[in-house]
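Peer 1: A single structure is presented below for examination.
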Amino acid sequence: MHHFSHKFCSINNVIVLDEDKLVPGLTFGEIKKMIENHLNPPYNIGWYFQQFMKLGFALTPYPKENYLVWDADTIPVNFIRFKDESSLFFTKTSEYHKPYFDTIYHILGLEKTNDYSFIAEHMIFNVPIVKSMISDIERFNVLGEVWYEKIINAVDKDQPNGFSEFETYGTYVLNYYPLIYKIQSLKTYRHAGLVYHRLITFKKINILSNLGYHTLSFEEHDSPSFPKSIIWLCLRVYTRLLNKIYKLLFV
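This is the structure we're talking about:
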């Protein structure tokens, strides 16, 4: 968990929200119970929870028309368009994971019709479309009282990664709102952490930017090979130590 001072938030116009209070009923504990009752064994509780939060944000008073979701382990290093005068932009990739589309069919009755993936390190959501999709999921004949419970119950019990909010939303848009979005391709470095780890310098970032990359991702499980891995290990230990000291002093 990251802690931000009031001064930092004020200067940078940052609002820090309690994820368990954002959407009524949608809490980590509630998702944990639902997953433990359905998946065997219970997989990736936090992974599912953060996906539901991205969709559930549309139900809060904060976004007006559109809102951008961005992976915290990814940094932009070149100009990226998210919309123009008439359209929003999807960023296409080449991933494919069949269980995602099995779940989409079970909660919306939709099948994959495009030859690309919507799973990028970001997505711009349209509030009315997300609300419409959530309403359609809640009306669908799947066990559950609310939309996120229906999604969990639609996932294969033995599938650890059975839902993608990006693939679900993208598929829904293509079927019902195809003129709202345009498709773009970006040059992304998904596993930059394997080479540069999170101690990457501004000089190296500028080099990669000049090579045409739009984003660099530094996933937590990606670490460089020896001897760079020693530096990465020291950084992780140092970060965890600081977090423990902070909790002892201020929490």
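Taking the UniProt record's numbering, the leading residue of the sequence shown gets 1, the next gets one more, and so forth. Cβ coordinates follow ideal geometry from the N, Cα and C atoms, glycine included.
Could you check what DSSP says for Thr171 in three-state terms: helix, strand or coil?
Peer 2: The count along the sequence shown starts at 1 and reaches residue 171 at position 171. Reduced to three states, the DSSP call for Thr171 is helix.
Peer 1: Mark Phe8 as exposed unless 16 or more other C-beta atoms lie within 10 angstroms of its C-beta, in which case mark it buried.
Peer 2: Taking the first residue of the sequence shown as position 1, residue 8 is located at position 8. The residue in question, Phe8, is exposed, as its Cβ has fewer than 16 Cβ neighbours within 10 Å.
Peer 1: What do you reckon, are the CB atoms on Ile31 and Phe90 nearer than 8 Å?
Peer 2: Position 31 of the sequence shown, counted from the first residue, corresponds to residue 31. Position 90 of the sequence shown, counted from the first residue, corresponds to residue 90. Against a cut-off of 8 Å, the Cβ pair of Phe90 and Ile31 comes out as no contact.
Peer 1: According to the Cβ coordinates, are Leu211 and Ile75 closer than 8 Å?
Peer 2: Looking up residue 211 in the sequence shown gives position 211. Looking up residue 75 in the sequence shown gives position 75. No, they are not a contact pair.
Peer 1: Short of 8 Å in beta carbon distance, which residues of its chain neighbour Ser209, apart from the five on each side in sequence? Order them along the chain.
Peer 2: In the sequence shown, the residue the question calls residue 209 occupies position 209. Same-chain partners within the cutoff: Val77 and Asn78.
Peer 1: Let's see if you can read the secondary structure: which residues bound the alpha helix (DSSP H) around His122?
Peer 2: The count along the sequence shown starts at 1 and reaches residue 122 at position 122. Unbroken run through His122 is the beta strand (DSSP E), His122 to Asn126; no alpha helix (DSSP H).
Peer 1: What are the residues that DSSP puts in a beta bridge with Asn66?
Peer 2: Here residue 66 refers to the residue found at position 66 of the sequence shown. In DSSP, Asn66 forms a bridge with Asn126.
Peer 1: Does DSSP put Thr239 in a helix, a strand or coil?
Peer 2: By one-based count along the sequence shown, residue 239 stands at place 239. Reduced to three states, the DSSP call for Thr239 is helix.
Peer 1: Please return the same chain residues whose Cβ sits closer than 6 Å to the Cβ of Tyr43, not counting the five positions on each side in sequence.
Peer 2: Within the sequence shown, the letter at position 43 stands for residue 43. Closer than 6 Å at the Cβ level, and outside the excluded window around Tyr43, lie Pro160.
Peer 1: Do you know offhand how far Asp20's Cα is from Leu249's?
Peer 2: To locate residue 20, count along the sequence shown from 1; it is residue 20. To locate residue 249, count along the sequence shown from 1; it is residue 249. Roughly 24 Å between the two C-alpha positions.
Peer 1: In this structure, does DSSP put Pro99 in helix, strand or coil?
Peer 2: Against the sequence shown, residue 99 aligns to sequence position 99. Helix.
Peer 1: Met1 to Ile35, Cα distance in whole Å?
Peer 2: Along the sequence shown, read from residue 1 onward, the residue named residue 1 stands at position 1. Along the sequence shown, read from residue 1 onward, the residue named residue 35 stands at position 35. Caution applies to Met1, whose pLDDT of 45 falls short of 50 and renders its modelled position unreliable; the model cannot decide the point.
Peer 1: Under 8 Å Cβ to Cβ from Met53, same chain only, skipping five residues before and after it: list those, please.
Peer 2: If you number the sequence shown from 1, residue 53 lands on position 53. For Met53, where only same-chain residues beyond five positions count, the Cβ hits under 8 Å are Glu19, Leu22, Val23 and Leu26.
Peer 1: Tell me which same chain residues have a C-beta within less than 6 Å of the C-beta of Glu149, skipping the five on either side of it?
Peer 2: Here residue 149 refers to the residue found at position 149 when the sequence shown is read from its first residue. Answer for Glu149: Met34, listed in chain order.
Peer 1: If Leu88 sits next to Ile180, beta carbons under 8 Å apart, how far is it from one beta carbon to the other, in whole angstroms?
Peer 2: Here residue 88 is taken as the residue at index 88 of the sequence shown, counted from 1. Here residue 180 is taken as the residue at index 180 of the sequence shown, counted from 1. Contact flag correct, Cβ pair sits at about 6 Å.
Peer 1: If you run the structure through DSSP and keep just helix, strand and coil, what is Leu59?
Peer 2: One-based indexing of the sequence shown puts residue 59 at position 59. In the structure shown, Leu59 sits in a helix (DSSP, three-state: H, G or I).
Peer 1: Let me check understanding here. Comparing Cα to Cα, which of Gly46, Val173, Ser185 and Leu39 lies closest to Leu125?
Peer 2: In the sequence shown, the residue the question calls residue 125 occupies position 125. The amino acid occupying residue 125 in the given sequence is Phe; Leu does not appear at that position. Selected option, being the one with the closest Cα: Val173.
Peer 1: Look at the alpha carbon of residue 325 and the alpha carbon of Glu167, and state the distance between them as a whole number of angstroms.
Peer 2: Limits of the chain in this structure are 1 at one end and 251 at the other, which puts residue 325 out of reach.
Peer 1: With burial defined as no fewer than 16 other Cβ atoms inside 10 Å of the residue's Cβ, what is the status of Tyr238: buried or exposed?
Peer 2: The residue you call residue 238 lines up with position 238 of the sequence shown. Result: exposed.
Peer 1: Could you check the C-alpha separation between Tyr62 and Arg81 for me, to the nearest Å?
Peer 2: As a working note, residue 62 is residue 62 in the sequence shown. As a working note, residue 81 is residue 81 in the sequence shown. For Tyr62 and Arg81, the distance between alpha carbons rounds to 22 Å.
Peer 1: Residues in the same chain with beta-carbon distance under 8 Å from Ser10, minus the five sequence neighbours each way, listed in chain order, please.
Peer 2: Here residue 10 refers to the residue found at position 10 when the sequence shown is read from its first residue. Excluding positions up to five away in sequence, the list is empty.
Peer 1: From which residue to which residue does the alpha helix (DSSP H) around Lys203 run?
Peer 2: As a working note, residue 203 is residue 203 in the sequence shown. From DSSP, the alpha helix (DSSP H) with Lys203 extends over Phe202 to Asn210.
Peer 1: First and last residue of the beta strand (DSSP E) that includes Tyr181?
Peer 2: Numbered from its first residue, the sequence shown carries residue 181 at position 181. Segment Tyr181 to Gln184, the beta strand (DSSP E) holding Tyr181.
Peer 1: Checking 8 Å against the spacing of the C-beta atoms, do Lys157 and His38 come in under that value?
Peer 2: Against the sequence shown, residue 157 aligns to sequence position 157. Against the sequence shown, residue 38 aligns to sequence position 38. Contact flag set, yes.
Peer 1: Give the range of the alpha helix (DSSP H) segment to which Ile151 is assigned.
Peer 2: As a position in the sequence shown, residue 151 is number 151, starting the count at 1. Trp147 to Ala154 is the extent of the alpha helix (DSSP H) around Ile151.
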